[in-house]
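J.: If you're matching positions, the sequence shown starts at 1 in UniProt numbering and goes up one per residue.
Even for Gly, the Cβ is constructed at its ideal location relative to N, Cα and C.
Fair warning: this is a prediction, and the values are worked out from it, not measured in the lab.
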Amino acid sequence: MGGKLLEEIEDWKLEAKLENNNKYFFHTRVVNKVVEGKKSYVIGRKGTGKTAISEYLVSIKEDGYFAQKLTFKNFPFNKLYELSDDGYNEPNQYITVWKYLIYSTVCQMLSKNENVDLDSREKLEKLFNHDLTSALPNAVNEWTGFKFDIKVLGNGIGLGSEKKTSETKGADIAERVRVLEQFIEHKLGKETYVVLFDELDEDYKDIIDREKYKKYTDLLTSLFKAVQDIKAKFNRFKFYPVIFLRDDIYDILLDPDKNKWTDYKISLEWSRDNLKNLLAFRISRAVSLDSDGMNFQQAWSKVFKSGDVRYGNRGSKSMSIFNYITRCTQNRPRDFIRYLQICAELSLERGQDKVTPSIVKTVAKPFSNYLKTEMEDEIHGALPEIKKIFNLFTKLRKQTLNISEFEKIYNAEVSAENIPKRDYQFILEMLFMFSVIGNVTTQKNHQVFRYQNKDARLNMNEQICVHRGLYRALQIL
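1. Using only CA atoms, which one of Y410, N259, I208 and W300 lies nearest to L383?
2. Measure how close the beta-carbons of E462 and V436 come, nearest whole angstrom, since I'm counting them as under 8 Å.
3. Assuming the contact rule is C-beta atoms closer than 8 Å, F239 and V106 should be a hit. Round their C-beta distance to whole Å, please.
4. Cα-Cα, which of P357, D218 and L392 is closest to Y410?
5. Let me check understanding here. Comparing Cα to Cα, which of T217, S301 and T71 lies closest to K50?
6. Can T262 be considered in contact with the ligand MN, in the sense that its beta carbon sits closer than 6 Å to one or more heavy atoms?
7. Roughly how many angstroms lie between the CA atoms of F415 and D248, to the nearest whole one?
8. Please report whether the beta-carbon of K215 lies at a distance below 7 Å from any beta-carbon of chain D.
9. How should I184 be labelled, buried or exposed, when 16 other C-beta atoms within 10 angstroms of its C-beta is the threshold for buried?
10. Do you know how far the Cα of T144 is from the Cα of K169?
11. Could you tell me the boundaries of the alpha helix (DSSP H) in which T105 lies?
12. Could you give the DSSP three-state label for L153: helix, strand or coil?
13. Can you have a look at L118 and say buried or exposed, based on whether 16 or more other CB atoms are within 10 angstroms of its CB?
14. Following the continuous beta strand (DSSP E) through D209, name the residue where it begins and the one where it ends.
15. Note down, in chain order, each residue of its chain lying with its Cβ closer than 7 Å to the Cβ of V360, except the 5 sequence neighbours on either side.
16. Given this structure, state the Cα-to-Cα distance separating I173 from R29, to the nearest angstrom.
17. Please list, in chain order, all residues of the same chain as E15 whose beta carbon is under 7 Å from its beta carbon, the five residues on each side excluded.
18. Considering only the beta carbon of each residue, do I230 and P241 sit closer than 7 Å?
19. Given this structure, state the Cα-to-Cα distance separating N369 from N21, to the nearest angstrom.
20. Nearest by alpha-carbon distance to K99: which of N89, L83 and K398 is it?
21. Per the contact definition of three or more C-beta pairs closer than 8 Å, is the region 200-216 in contact with the region 59-67?
22. Does DSSP put L245 in a helix, in a strand, or in coil?
23. In the DSSP assignment, find the unbroken beta strand (DSSP E) run with Y65 in it and report its ends.
24. Would you call P333 buried or exposed, if buried means 16 or more other Cβ atoms sit within 10 Å of its Cβ?
25. Going along the chain, which unbroken runs of the alpha helix (DSSP H) with 4 or more residues stay wholly within the region 278-313?
26. To the nearest whole angstrom, what separates the beta carbons of F304 and F26, a pair I think is in contact under 8 Å?
27. Taking the continuous alpha helix (DSSP H) assigned at I321, which residues delimit it?
28. By Cβ distance, which residues of its chain are closer than 7 Å to R285, with the 5 residues on each side in sequence left out?
29. In three-state DSSP terms, what is V30?
30. Is it right to say I157 is buried, meaning 16 or more other beta carbons lie within 10 angstroms of its own, or is it exposed?
31. In three-state terms, what does DSSP make of K317?
32. Measure the alpha-carbon distance for I379 versus D353 and round it to whole angstroms.
33. Given a threshold of 16 other Cβ atoms within 10 Å of its Cβ, counted over all protein chains shown, does H467 qualify as buried or as exposed?
34. What residue range is occupied by the uninterrupted beta strand (DSSP E) comprising F197?
35. From which residue to which residue does the alpha helix (DSSP H) around K126 run?
36. Determine the burial state of A299: buried for a count of at least 16 other Cβ atoms within 10 Å of its Cβ, exposed for fewer.
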């Protein structure tokens with residue numbers, strides 16, 4: 001059993017789109033909140049499960065349930081920037097184009113609903129027959145490139161199916177939105193329609209550039225407000241647009257009414273107990289697809305041998321395996337999956353049927369390299385020079401340091417023109433936001449990291465410490 005189980009764990013996937021969701025999707029209350037239309041904004045850090053939830057929601061096969069995921073990976077965002085609506089003031093100028101995409105997507109789902117009259121379905125199918133899963137840019141290009149025969153829409157009974165080239169796309173879209181809105185309102189019934197927006201961070205790059213920041217944040221702010229408007233207009237129906245977005249991007253969006261978004265927002269945060277439940281579920285499913293589920297200790301003991309991990313000077317200290325792994329992570333499911341993957345791989349290479357405490361300790365180094373790469377990917381949009389910033393900690397080789405020490409080495413690298421000149425405090429605040437660093441309180445035995453306390457802010461009067469999971473990758477240990 002042990003060898004087979006480790007082989008299964010070794011084959012776990014970090015990318016939710018590649019994982020067997022039917023087998024491994026772990027239900028949380030977030031799913032029900034979205035399906036019931038109570039929450040429309042799913043916010044969380046990279047690796048906390050946003051894509052897994054969206055993949056599950058689109059995979060549901062139930063009568064009267066229609067879902068379509070719009071994935072913006074490799075999407076040409078300039079296409080959307082071109083379609084601003086001059087009828088709105090900034091940052092609302094993209095509300096119209098987002099509504100248009102949402103309504104067009106719902107029209108495609110209506111064409112597949114046999115409860116909609118045949119005449120409407122046939123016309124909708126001719127207009128909205130695009131591949132939204134793998135060719136979204138092509139669909140958007142066509143949708144914004146042809147005119148509806150507005151006259152035959154009338155009171156929402158039908159619509160024309162002739163595609164024509166439009167020379168005034170932006171000006172035309174507001175009228176199309178009005179027409180589609182009216183049409184959809186007459187066609188929605190008791191069924192559930194879910195439109196999912198994922199991987200919206202594709203254009204989150206060089207965000208320090210003021211112009212790029214403004215365009216990108218205006219575009220996303222407009223999306224949130226478009227969803228808010230649609231929720232209000234169609235509150236009698238089960239019509240649910242849902243946005244999945246990284247929390248660091250959500251935090252930089254500015255709008256006078258942003259506080260009102262809280263009603264529709266749900267944050268993906270993983271407590272220690274929830275992480276244990278997730279791991280118990282995944283291990284149970286790795287043992288058997290039909291497993292009713294073991295508790296955490298039962299599941300954990302099938303993968304790990306008993307005993308603590310010894311560390312410190314000549315192994316003078318010890319810690320449980322779970323606690324040792326946890327302190328290397330940022331409390332994200334993806335981190336735990338990766339740690340267990342590497343443990344399983346090394347155990348199998350050594351011919352062992354369970355993971356020993358010594359293997360858990362050995363794996364800390366390759367895991368550290370993974371975590372560093374993961375964080376570089378996450379931070380790069382805000383700080384393109386993040387790899388060079390990480391190198392500063394390698395040069396310092398300190399777990400805990402005074403802010404003045406960082407300021408000194410940072411300014412020296414700026415003077416040598418090795419890194420761009422920015423305010424060192426801004427750099428530290430960015431590192432704190434992503435939990436690369438935390439504060440060491442005056443009691444010296446307590447650390448404050450944002451991944452543990454979402455409301456934490458960097459205290460410039462205290463020492464800073466590097467996240468333990470990065471020690472080995474930064475050659476601090």
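T.: By the coordinates alone:
1. I208
2. Actually they do not touch by this definition, with Cβ atoms about 16 Å apart.
3. 7 Å
4. L392
5. T71
6. The ligand MN is not among the ligands present in this structure, which contains no ligands whatsoever.
7. Sequence check: residue 415 is Ser here, not Phe. About 30 Å.
8. Looking for chain D here will not work: only one protein chain is present.
9. buried
10. Interpretation of K169 is limited by its pLDDT of 47, a score under 50 that renders its predicted location unreliable; the figure taken from the coordinates is listed afterwards. About 6 Å.
11. I95 to L110
12. Low per-residue confidence applies at L153: pLDDT is 44, beneath 50, and the placement is therefore not dependable, though the value from the model is reported in the following sentence. Of the three classes helix, strand and coil, the one that applies to L153 here is helix, per DSSP.
13. exposed
14. D209 -> no beta strand (DSSP E), and no H or E assigned at all.
15. V309, I321, Y324, I325 and C343
16. 37 Å
17. none
18. yes
19. 27 Å
20. L83
21. no
22. strand
23. Y65 to T71
24. buried
25. 296-303
26. The pair is not a contact, with the Cβ atoms about 20 Å apart (cut-off 8 Å).
27. I321 to C328
28. K23, Y24 and S291
29. helix
30. With a pLDDT of 37 at I157, under the threshold of 50, the modelled position of this residue cannot be trusted; read the value that follows with caution. Classification of I157: exposed, given that the 10 Å Cβ count is below 16.
31. strand
32. 38 Å
33. buried
34. T192 to D198
35. L118 to L127
36. buried
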